[in-house]
Structures are given as structure tokens and as C-alpha cells.
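Take the sequence shown: its letters are residues 206 to 610, numbered as in the working numbering. Okay, structure first, notes after.
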Amino acid sequence: MKYLVSAILLSLAPLAVRAGDAELSGNLEGQFRNATNNDEAKKSPLFQDWDNENFFLIYGNVNAKVDLGDSRFEANWFGRHGKSPLYEPEPFSAQGTPRDPYLATSVFTFPQRLVARDIFQLQHVDQRGDQRTESVLNKIYYEWEYAEHRMMVGRMYVNYGLGEIFNPLNPFNQPTGLTAISQVAQGNDGFSLTYFVDDFHTIQFLVLGDKRIEGYDGSINRTLWMHGEYQVTEKFQLDYVLGEDQNRRKAGGQMSYQFEDALVFTQVLYQSASVEDEPSHDLLDALLGYDQQITGIWHVRFEGGYQKTNRFATATNFDRFLPTEYFGALANVLEVHPLLKLSGTLIHDVKSGFSYAVAKATFSATKSTELEAFGFSPISRGDEADNLAQKLVTQDLGVALRAFF
Numbered sequence: 206m207k208y209l210v211s212a213i214l215l216s217l218a219p220l221a222v223r224a225g226d227a228e229l230s231g232n233l234e235g236q237f238r239n240a241t242n243n244d245e246a247k248k249s250p251l252f253q254d255w256d257n258e259n260f261f262l263i264y265g266n267v268n269a270k271v272d273l274g275d276s277r278f279e280a281n282w283f284g285r286h287g288k289s290p291l292y293e294p295e296p297f298s299a300q301g302t303p304r305d306p307y308l309a310t311s312v313f314t315f316p317q318r319l320v321a322r323d324i325f326q327l328q329h330v331d332q333r334g335d336q337r338t339e340s341v342l343n344k345i346y347y348e349w350e351y352a353e354h355r356m357m358v359g360r361m362y363v364n365y366g367l368g369e370i371f372n373p374l375n376p377f378n379q380p381t382g383l384t385a386i387s388q389v390a391q392g393n394d395g396f397s398l399t400y401f402v403d404d405f406h407t408i409q410f411l412v413l414g415d416k417r418i419e420g421y422d423g424s425i426n427r428t429l430w431m432h433g434e435y436q437v438t439e440k441f442q443l444d445y446v447l448g449e450d451q452n453r454r455k456a457g458g459q460m461s462y463q464f465e466d467a468l469v470f471t472q473v474l475y476q477s478a479s480v481e482d483e484p485s486h487d488l489l490d491a492l493l494g495y496d497q498q499i500t501g502i503w504h505v506r507f508e509g510g511y512q513k514t515n516r517f518a519t520a521t522n523f524d525r526f527l528p529t530e531y532f533g534a535l536a537n538v539l540e541v542h543p544l545l546k547l548s549g550t551l552i553h554d555v556k557s558g559f560s561y562a563v564a565k566a567t568f569s570a571t572k573s574t575e576l577e578a579f580g581f582s583p584i585s586r587g588d589e590a591d592n593l594a595q596k597l598v599t600q601d602l603g604v605a606l607r608a609f610f
């Protein structure tokens, strides 16, 4: 089935290019970072026994879009190549048993999973020695509109929700506000139907699948999802979600109000225990956000929230990038010159005392190229009795050069 659907979608591409108005765009970025490990990570049960290493990364996108009037074809190829001794740890046992790569590499390349809901298996990963190469079609879909409806089939991005650091309402595209990776989004395989009820109310229905489960036996772990947007007034909007995803039933909503020069929003998402026969418990996420352009050159965003700890998750789970429970995050962006932008974010876990800082300086060398220097560092490590995964967060300094076309 996956090969048939993939072949159909790919066969549409040359037909669409001949018949419609085509656009091609993309980016290429190279990064170097030097990482210093946390001493706590070297201890049992984490065994991340390295001190200081370099990490090289090159990645990019090529996006093709063809407009056919009432329909559209779009595809995106994402490639990524990393090189570091962290991909090739020393044997763990006296018998020389090989180990998996150190966990820091999955943080450096967050989000490492480039397809959030996977049926078609349109990706290739090759890891050899100290190098890892990934090639994936993380978007390939056909979309058409008629009357008050829009339909999409294939591998698509699912974008909604106002959270930039934490966005619990959307489980299909992880926010990258605290990472050094830009221009990346996660694909989701399936079908989407959007119904425009009127000028103020839109409902999107999603049917997605997932073959990502370890020990996959041929069955698809489905996602049935509904997301609605209702514009109550010109400034006040309500979003709501309801469905089943990743073996949990979920329901939640978002409220946002646009003031003259500021935006206030809040999100809540409830997740039931697993509908399958597996150890689990219910989860709850909540978020409060504030965003304002203070002056012509100074922009501020605050996000605070709660994500209930999943007692059955492993200590090495980085699906949400930072392992925090009660947190507050303050982000500042200062455009000191039309060519130079400075940004800084501080995030703090209120419960454990863990704090993390991100600083970036971005220089626009030309209209299509940027040079960026960045630093990521834990400010405080947190209570040793709390989240073990907080011990895995490294201190990093790096530079990136990116180009757009």
C-alpha cells in the first residue's frame, strides 16, 4: 500500500510541473558546535561518558510547489549529515559490545524524528562510524479545493498553535524555539479535510497513520483528529482539538486575544491513559503566553506552563527537547541594526530549579545569506533527585552559515 500511494504521488509531480505554475525554493546550512558534557551524565544509570567534543552538521531543504488553480502539488526534500565522535562511542563492555550513539546527538539535531506520523517510509538513514546521513521526503501531498472544502492527501505539515517554545495543542510538529535548527518541519502521512463553515469558523479533520512503533507487526496505529478555529470577534479567537492519537484520547483548546500592540494566549490539553493494554496514566499540559513588540527594535515573548511528568517514559525521551515540568520562559529579540539581530531566551523549571539559556547573534551578510553565532548552556542543573534527563543537557558554543534560494 505504501509503495502504491508513494508512486502515485511521485508520478503526479512531472504532470503538475507541465500543467501548472511551478516554484522552487530551499536553503542550505552548515554548523559547527563544541559541546561540553555534564559530569552528572557520566554516572549511572546514564553512562554518557564523554567530556568535550566537536560536532559538524550540514542540512538543507528543496521545496517544489505547483499551482494548478483549484489544486496544488507540493513536495519537500530534507537532507542532513552529521559528523562527530559522539556517533561512535567506545565499547561499553569488556567484551567490546558496541553501543548506540551518545544521546547528545539527538539534542543537537532536534527534532531528530522528521516524520511524526509515518506510513509511507519515504526516508533513508545511514550511520557509519562517526557520521550519520539522513535523506527524507518530509512533505509530499496533493491538495484540491471545491466549494467550502479543502482536501489534502499524502505527507503534510500540520501547523497550528501559538506556542513557540512549548505548543502542546499540536502533537504533529515540534516547536524548535530553543534549538539551533531552523527551516525544519515534521511530516505527517494521511488525509486532511478542511471545512469552511463560514467566514469565522473553520474545522479540519485529520486521519493519520504511524508505523514508527518499535517491533512493528504490520498494523497502523491510527490518528483521528479534529482541529477547529472560531473567530469570535476581530481580536478574540478560540481553537479546539479532539481525537485519538498515539494510543491516547485527547481534548483541548486555545484562547487568544490580540490587543493593539500585544498578544495573550493560553492552551490546555488533556490526554487519557493509553487505550491499549500497556502501563500508562493520564497527562495534562497547560500553557500561558504573552507576546509584545515593546519598541521598534525590541520584541518580548513569555511562555509559562505545566507538563505532567509521564512516569512511564524513559529518562532519555527528548520528544519535547527540554525535560521540564513547571516552567517559565522569557525570550527577547533586539534588532540593533537592520543587518544584526540579537536574541536571548531563559527557561526555568520552577519545581527542580533547572535553568537553561540560549543566546544568538544573527548577521545578514547578504539578502540570501546569514551568519549566526549561538550559545546554549544550563545555568543551574536542578535537584539531583528530580528529572534524570536534565543531567543530559550539554553546554554548547557554535556558529552557523545559512543560505536561501
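Glycine included, each C-beta is placed from N, C-alpha and C at the ideal position. This one's a predicted model, so the numbers in the text were calculated from it and none came from an experiment.
Q | Run of the alpha helix (DSSP H) containing F313, from where it starts to where it stops | A | A309 to F313 is the extent of the alpha helix (DSSP H) around F313.
Q.
For L273 and I345, what's the separation of their Cα atoms in angstroms?
A. Those two C-alpha atoms are separated by around 16 Å.
Q) Which residue or residues does DSSP assign as beta-bridge partners of D394? A) Bridge partners of D394: R360.
**Q.** Exposure of F503, with buried meaning 16 or more beta-carbon neighbours within 10 Å
**A.** Per the sequence shown, residue 503 should be read as Trp rather than Phe. Exposed: under 16 other Cβ atoms inside 10 Å.
Q | K565: first and last residue of the uninterrupted beta strand (DSSP E) it sits in | A | Per DSSP, K565 belongs to the beta strand (DSSP E) from S560 to T571.
Q) Relative to the alpha-carbon of F568, which residue among T550, W349 and A608 has its alpha-carbon at the smallest distance? A) Looking at the Cα atoms, A608 is the closest of the given residues.
Q | Which of helix, strand or coil DSSP assigns to A608 | A | Note: A608 maps to strand in three-state DSSP.
Q) Going by the beta-carbon positions, is the gap between V363 and N343 smaller than 8 Å? A) Cβ atoms of V363 and N343: not closer than 8 Å.
Q: Take L429 and list the residues in its own chain whose beta-carbon comes closer than 7 Å to its own, dropping the five residues that flank it on each side.
A: Sequence-distant partners of L429 (beyond 5 residues in either direction) whose C-beta falls short of 7 Å from its own C-beta, in its chain, are V412, G448 and E449.
Q: Grab me the residues of Y307's own chain with a C-beta within less than 7 Å of its C-beta, minus the 5 sequence neighbours each way, in chain order.
A: Exclusion of the five residues before and after Y307 leaves Q253, W255, L291 and P294 as the residues of its chain whose Cβ lies within less than 7 Å of its Cβ.
Q.
Under 8 Å, with one C-beta from each stretch per pair, do the region 371 to 381 and the region 348 to 359 reach the 3-pair mark?
A. Not touching, per the Cβ criterion.
(Q) Residues in the same chain with beta-carbon distance under 6 Å from Y208, minus the five sequence neighbours each way, listed in chain order, please. (A) Caution applies to Y208, whose pLDDT of 45 falls short of 50 and renders its modelled position unreliable; the model cannot decide the point.
Q | For S548, the first and last residue of its enclosing beta strand (DSSP E) | A | Judged by DSSP secondary structure, S548 falls within the beta strand (DSSP E) whose first and last residues are L545 to D554.
(Q) Can you look up Y292 in the DSSP assignment and give me helix, strand or coil? (A) Secondary structure of Y292 (DSSP, three-state): helix.
Q: Name the residue from L383, R285 and S289 whose alpha carbon lies nearest to the alpha carbon of Q317.
A: The shortest C-alpha separation from Q317 is found at R285.
Q.
Mapping the DSSP letters down to three states, classify L593 as helix, strand or coil.
A. If DSSP states are grouped into helix, strand and coil, L593 belongs with the helices.
(Q) Per DSSP, what are the beta-bridge partners of K455 in this structure? (A) G448 and Q476.
Q) By how many angstroms is the C-alpha of G265 removed from the C-alpha of S340? A) Going by the C-alpha atoms only, they are around 10 Å apart.
Q: Flag this pair as yes or no: are the beta carbons of S582 and Q595 separated by less than 8 Å?
A: In this structure, Q595 does not lie closer than 8 Å to S582 by Cβ.
Q.
I'd like to know whether the C-beta atoms of A564 and G549 end up nearer to each other than 8 Å.
A. Yes, the pair counts as a contact, with Cβ atoms nearer than the cut-off.
Q: Assign D403 to one of two classes, buried (16 or more other C-beta atoms within 10 Å of its C-beta) or exposed (fewer than that).
A: Exposed, since its Cβ has fewer than 16 Cβ neighbours within 10 Å.
**Q.** Straight-line Cα distance separating L545 from G420
**A.** For G420, the predicted model reports a pLDDT of 49, less than 50, meaning its position is unreliable; a value from the coordinates is still stated below. Computed Cα separation, rounded: 49 Å.
Q | For A246, three-class secondary structure by DSSP | A | DSSP places A246 within a helical segment (H, G or I) once states are collapsed to three.
Q.
Can you give me the C-alpha to C-alpha distance between F610 and P543, rounded to a whole angstrom?
A. Cα-Cα distance, rounded: 20 Å.
Q: Report yes if the CB atom of K556 is closer than 8 Å to the CB atom of E530, and no otherwise.
A: Taking C-beta atoms as the reference points, K556 and E530 count as a pair closer than 8 Å.
Q.
Taking only three categories from DSSP, how would you classify G420?
A. Low confidence applies here, because G420 scores a pLDDT of 49, under 50, leaving its location unreliable and the question unanswered by this model.
Q: Could you tell me whether the Cβ atoms of F315 and T241 are closer together than 8 Å?
A: A distance of 8 Å or more separates the beta carbons of F315 and T241.
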